[in-house]
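2 protein chains.
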Amino acid sequence: MPVSKRMSTIPPSPIRKLVPFSDAAKKRGIKVYHINIGQPDVPTPPEAFEAMRRFDEKVLSYAPSNGIPQLRHAMAGYFKGIGYDIAEKNIMVTNGGSEAIYFAFMISLDTGDEVLIPEPYYANYNGFAKMAGVKIKPLTTKVENGFHLPSEEEIKRSMTDKTRAILICSPNNPTGTVHTREDMEKVFRLADEYDLTVIGDEVYNEFVYDNREYVSVMHFPDQARRVILIDSVSKRYSACGARIGAMITKNTDFIDAAMVLAQARLCPPTIDQVMAVAMYEVKNDYLKEARLEYKKRRDVVFEELGHIEGVTFHKPAGAFYTVVKLPVEDAEDFARWLLESFSYKNETVMVSPASGFYGTPGKGTDEIRIAYVLKEEDMKRSIQLLGLALEKYRNR
Amino acid sequence: MPVSKRMSTIPPSPIRKLVPFSDAAKKRGIKVYHINIGQPDVPTPPEAFEAMRRFDEKVLSYAPSNGIPQLRHAMAGYFKGIGYDIAEKNIMVTNGGSEAIYFAFMISLDTGDEVLIPEPYYANYNGFAKMAGVKIKPLTTKVENGFHLPSEEEIKRSMTDKTRAILICSPNNPTGTVHTREDMEKVFRLADEYDLTVIGDEVYNEFVYDNREYVSVMHFPDQARRVILIDSVSKRYSACGARIGAMITKNTDFIDAAMVLAQARLCPPTIDQVMAVAMYEVKNDYLKEARLEYKKRRDVVFEELGHIEGVTFHKPAGAFYTVVKLPVEDAEDFARWLLESFSYKNETVMVSPASGFYGTPGKGTDEIRIAYVLKEEDMKRSIQLLGLALEKYRNR
């Protein structure tokens, strides 16, 4: 039986396709530092596990399709705490931020419509765009410019009469860039002029360093009807396995349309929602400590990259990723070589080739994404291994 | 901001759209018996909650996209126990049976392709078909015929050159029909002749009564390359809120294609998978007792329906649903009237109008679906209330 033709056009996750090679390296007894995937090692708030253990229903039953009221209440409370005016009815709880993005595409775009997204971008957007039958128009950003937005004129050149939305991920995965007020005002000026939906993927909002000003899509209340905010517990509370996120909008038509999709898949997992209540209500110290921890890692990555010859990088102001340009022709070949042919004192490092984060063919072939999700000394070691490997790779 | 045009064409869940009226009835102090939704009251295996409490990781991390190995192992073991030859690599763990159906549509059908489904059918198939851009061609079945399949000639008349798959739900939601060997052989004869994928939604497989022979899509091993089995913990283990299911197939191309979709949404929830391991490994007595419990409820529903004048019904051989033809013109109006205008000793009953389970417009308008998910005495009371209400409704 042949598979459907459309499935041959969804690219596999670039983050996961090197996994067989890292498995093989581990089988050879080599320690692999994983800076390729955004799986943090920061503990999940213990309050979440306590809530899980307290769960004492006899029947594990369906939750409401838009999420349990306690969770929507806790989410609204969290957002109130950071100054966003969001009510419980504005919140649709989803299966991770992943499903929230898919819902946002489905409800704001028709088949064949286009969404502008600065590239490099989170590679899974490709899968959701394909599932929703919409087209991503990439807006190329560059490491030399700190991955900030192109000019208004350049963005307009990427637009067609099918352009209906723009998605801004800030702090950005994979670049770590925090979009400035100027960037965000540009986005909303264009959105206003061309009547675009603005999708804000802000799941890293708590990870902004150096007291940098953070400008959210929620900071433009007069444009609220065109705004969809994507949220998730995965990174903020180091709870990737809970698969709890949210699609948030003050546009009630959007919420009503998303409800139809939500009802088809019944509900997000019940116990994980109970755990998420405890996460959104966690004391502020948890987030502050996590932020400080990631900042230390960011600093050590930035410092160690400075010791490697020939790499081009910027200082990421947020999230826990950065994209680095390497002095190699084919970063994917290098990433595979790291796992297949390199080791130093029986250790190596696994990185993500950045080309999978670009929508424009041929872009990013000499770049990698680094996720600084390991503790300080492991991050230091990882970047040192990267430097040693680069030297050996170029002289091989 | 307007929502996308396509979202206006996905019908809302017929099971859930009466909810505001039942909420209002409850606010007036009326007890509402819910035989409208398949939310069982049978306890989830306690072993599942024990596994949950034993979970002691510090970080709630991502699971593999195709599910944790222990769960695929437990699933394969369960299926081995009922005589199906399924390996771990044939299993893709999904977010409930819901996602498994969506994946099956996406990987076996292209946009515009058609899938044959006997109607009445599980209404959420409509949502998944819409999301996947495929068309459902309903094969009408009738209560008078126990909702068994139409003749081969009739099925062929529903086929076009776009027909690529057939979905059989057995035991059936919403009819309770268990498809016979003759039904299943007909399906595979047609599938072989027209090269169709056969999707078997068999999440109610353990609920077959009266020692009826059960014929699964897995009982046709020479056709394995065209078979996709849908499984779920929701009903079998009374764990609807876990959102754990599986898409199972021996066709490795199908598994590889589904993996691309699975990677985009990262993974099903981690803790719920750990709980599901305990469910699939549960001792057989749990399932036997659940089956006996549902059989008792089925029997009381069947007996009480026999006391109501003018209804047409059959004896469902499986699952925990049945579709009943009422002596009313508009079952949806009646269902709403039950909640808005009827009560007896301060009690009423909530049913699902069956028209939402039909793909053919105008079909099933005088039918309802009953879910026998409440304990024996509550089911008896519910059907008695239905009888009293029908009498009052017809004489109003």
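First to last, the protein sequences are chains A and B.
As numbered in my numbering, the first sequence has no gaps in its residue numbers, which increase by one up to the final residue, 1355.
As numbered in my numbering, the second sequence has no gaps in its residue numbers, which increase by one up to the final residue, 1355.
C-beta: ideal position from N, C-alpha, C; glycine also.
Chain B has a Cβ within less than 8 Å of the Cβ of A/Val962. For A/Asn1083, the C-beta contacts it makes with chain B under 7 Å involve Ala1223, in order along the chain. The Cβ neighbour count for A/Pro1227, taken over all protein chains shown within 10 Å, is at least 16; the residue is labelled buried. Beta-bridge partners of B/Ser1311 (DSSP): B/Arg1328.
The CB of A/Pro1228 comes closer than 7 Å to the CB of Gly1200, Ala1201, Arg1202, Pro1228, Asp1231 in chain B, given here in chain order. Check the Cα spacing between B/Phe1008 and each of A/Asp1015, A/Asp1325, A/Ala1183, A/Ala1007: the tightest is with A/Asp1015. DSSP places A/Pro1028 in the helix class (H, G or I) of the three-state scheme.
Scanning chain A for C-beta atoms nearer than 8 Å to the C-beta of B/Asp1212 yields Met960, Pro961, Val962, reported in chain order. Burial of B/Leu1108 is indicated by the presence of at least 16 other C-beta atoms within 10 angstroms of its C-beta.
For A/Thr1281, the enclosing beta strand (DSSP E) has its first and last residue at 1280-1284. Counting only Cβ-Cβ distances below 7 Å, B/Asp1069 has contacts in chain A at Ser963, Lys964, Arg965, in chain order.
Note that the C-beta distance between A/Met1338 and A/Arg1250 is not below 8 Å. Looking from the CA of B/Asp1212, the closest CA among B/Asn1049, B/Gln1232, B/Glu1112, B/Lys1194 belongs to B/Asn1049.
Across the set A/Thr1100, A/Lys1101, A/Ser1057, A/Asp1072, the C-alpha of A/Ser1057 shows the shortest separation from the C-alpha of A/Tyr1084. About 7 Å separates the beta carbon of A/Val1310 from that of A/Arg1328, a gap short enough to meet the 8 Å contact definition. Within chain A, the residues Asn1054, Glu1058, Arg1202, Arg1224, Pro1227, Pro1228 have their CB atoms less than 9 Å from the CB of B/Asn1054, given in chain order. A straight-line Cα-Cα distance of about 58 Å links A/Lys1254 and B/Gly1277.
At a cut-off of 8 Å between beta-carbon atoms, A/Thr1156 makes contact with chain B. Distance from the CA of A/Thr1319 to the CA of A/Val1018, rounded to the nearest whole angstrom, comes to 49 Å.
In the three-state DSSP reduction, A/Met1118 falls in the coil class, being neither helix nor strand. By the neighbour-count criterion, in which 16 or more other beta carbons inside 10 Å mark a residue as buried, A/Lys1039 falls on the exposed side. Listed along the chain, the chain B residues whose CB falls inside 7 Å of the CB of A/Ser1110 amount to none; the nearest CB is some 26 Å away.
At a cut-off of 8 Å, the C-beta of A/Ile1066 has a neighbouring C-beta in chain B. Rounded to the nearest whole angstrom, the C-alpha separation of A/Glu1165 and A/Ser1193 is 12 Å. In this structure, the alpha-carbon of B/Phe1261 lies about 31 Å from that of A/Ser1024. Only residues of its own chain outside the window of five on either side were considered, and among them Met1118, Thr1122 have a CB closer than 7 Å to the CB of A/Tyr1153, listed in chain order. A Cβ-Cβ contact shorter than 8 Å links B/Val1308 with B/Ile994.
Look at B/Val1018: its C-beta is under 8 Å from a C-beta on chain A. Just so you know, the alpha carbons of B/Val991 and B/Met966 end up roughly 32 Å apart.
Counting C-beta pairs with one atom in each stretch, the segment 1143-1161 of chain A and the segment 1180-1190 of chain A have three or more that are closer than 8 Å, which means they touch. Only buried fits B/His1273, as 16 or more other CB atoms lie within 10 angstroms of its CB. A/Cys1128 sits in a strand when the DSSP states are folded into three classes. For B/Arg1171, none of the residues of chain A pass the 8 Å Cβ criterion, the least Cβ distance being about 27 Å.
With the rule of 3 Cβ pairs closer than 8 Å, the segment 1169-1182 of chain B does not count as touching the segment 1281-1289 of chain B.
Listed in chain order, the positions of the segment 1282-1306 of chain B with a beta carbon within less than 9 Å of a beta carbon of chain A would be empty, since no residue qualifies.
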